[in-house]
């Protein structure tokens, strides 16, 4: 199953569009202009010597897409092997990446005036990948900085 996020549905200058995603118990927002597609579970092929955050690669309509495990990228516990996941396809630097997340919600149109900087209590690792937050009715929505999320640690060191 594939859900297409149409960039033609971009809001006016008076609101910020974010695709809400769940990773563990936390809700994040991915800027709607960065999102190319949302797909349900798809086979991911492991890539030898890839950075630990890279779950592997997948084939999306003939294009090879690097899949980033957002749980691992954010330092969270891995998902259970029988838990379903979804992929949010984002474009960065002319390449496509799949952010492997637990769930994808709605597109939220939020007022820029309600955007706040990330709290000082946020861990340094999360602060590095977040571009602030919005206070929703019952939770905080952390805004992901896609460029920072895709700054990966590099391949693991080879054993001598």
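In the numbering used here, the protein residues as written are 467 to 626. Ideal placement from N, C-alpha and C gives every residue a C-beta, glycine not left out.
Bounds of any beta strand (DSSP E) do not take in residue 527, whose DSSP letter is neither H nor E.
Of the candidates 591, 588, 571, 595, the residue whose Cα lies closest to the Cα of residue 498 is 571. Looking at 568, 557, 558, 531, the one whose alpha-carbon comes closest to that of residue 547 is 568.
DSSP, reduced to helix, strand and coil, places residue 498 within a helical segment of the structure shown. A straight-line Cα-Cα distance of about 10 Å links residue 493 and residue 602. Residue 616 is not a Cβ neighbour of residue 517, given a cutoff of 7 Å. Closest by C-alpha distance to residue 482, out of 527, 598, 534, is 598. In the DSSP assignment, the residues bridged to residue 492 are 489. Collapsing the DSSP output to three states places residue 554 in a strand. Counting along the chain, residue 566 sits inside the beta strand (DSSP E) bounded by residues 561 to 567. The C-beta distance from residue 502 to residue 562 rounds to 7 Å, short enough to fall under 8 Å. Under DSSP, residue 532 takes part in a beta bridge, and its partners are 523, 563. Note: residue 616 is not bridge-paired with any residue in the DSSP secondary-structure output.
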